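**Q** Take the sequence shown: its letters are residues 4 to 80, numbered as in my numbering. Before we start, here is the structure in question, set down as structure tokens.
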Amino acid sequence: MFTSSSMTGGRRRVRTPRIPSKCWCGESIIELISRSNQNPYCQYYQCLYTAQRKLENDNHVFKLVDEAFTDEIQQLD
4 MFTSSSMTGG RRRVRTPRIP SKCWCGESII ELISRSNQNP YCQYYQCLYT
54 AQRKLENDNH VFKLVDEAFT DEIQQLD
């Protein structure tokens, strides 16, 4: 298991391996659909705390569903 940081769409993200179930802050993770012009209809996981407060550029969990599924498949190898 490894952790790394990256920037996506101006958002600093902490790498979360596999499909997240809880954020580091203890809040649950919810699945949302993007309505942005940059990534329309893209599904992603986000920390409930962050989603409720519409925070950006934070270090709470944010992960694209496609990335999470790819991580799960790689874990099977």
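Even for Gly, the Cβ is constructed at its ideal location relative to N, Cα and C. Remember, predicted model here, so these are calculated numbers, not experimental data.
(1) Rounded to a whole number of angstroms, what is the C-alpha to C-alpha distance between residue 73 and residue 22?
(2) Count the other C-beta atoms from every protein chain shown that fall within 10 angstroms of the C-beta of residue 46, then say buried if there are 16 or more, exposed otherwise.
(3) Which residues bound the beta strand (DSSP E) around residue 77?
(4) Where does residue 6 fall in DSSP's three states?
(5) Nearest-angstrom Cα distance between residue 82 and residue 27?
(6) Tell me whether residue 25 is buried or exposed, calling it buried when 16 or more other Cβ atoms sit within 10 Å of its Cβ.
**A** Concretely, from the data shown:
(1) Locating residue 73 in the sequence shown gives position 70, where the first residue counts as 1. Locating residue 22 in the sequence shown gives position 19, where the first residue counts as 1. Between the alpha carbons of residue 73 and residue 22 lies a gap of roughly 9 Å.
(2) The residue given as residue 46 occupies position 43 in the sequence shown. Exposed, since its Cβ has fewer than 16 Cβ neighbours within 10 Å.
(3) As a first step, residue 77 is located in the sequence shown; it is residue number 74 there, counting from the start. That residue, residue 77, is in no beta strand (DSSP E); its alpha helix (DSSP H) goes 68-79.
(4) Stepping through the sequence shown from its first residue, residue 6 is reached at position 3. Per-residue confidence for residue 6 stands at a pLDDT of 36, beneath the threshold of 50, marking its modelled position as unreliable; the derived number appears in the next sentence. Of the three classes helix, strand and coil, the one that applies to residue 6 here is coil, per DSSP.
(5) Lying outside 4 to 80, the shown extent of the chain, residue 82 is not represented and no answer is given.
(6) As a working mapping, residue 25 is identified with position 22 in the sequence shown. Burial call: exposed.
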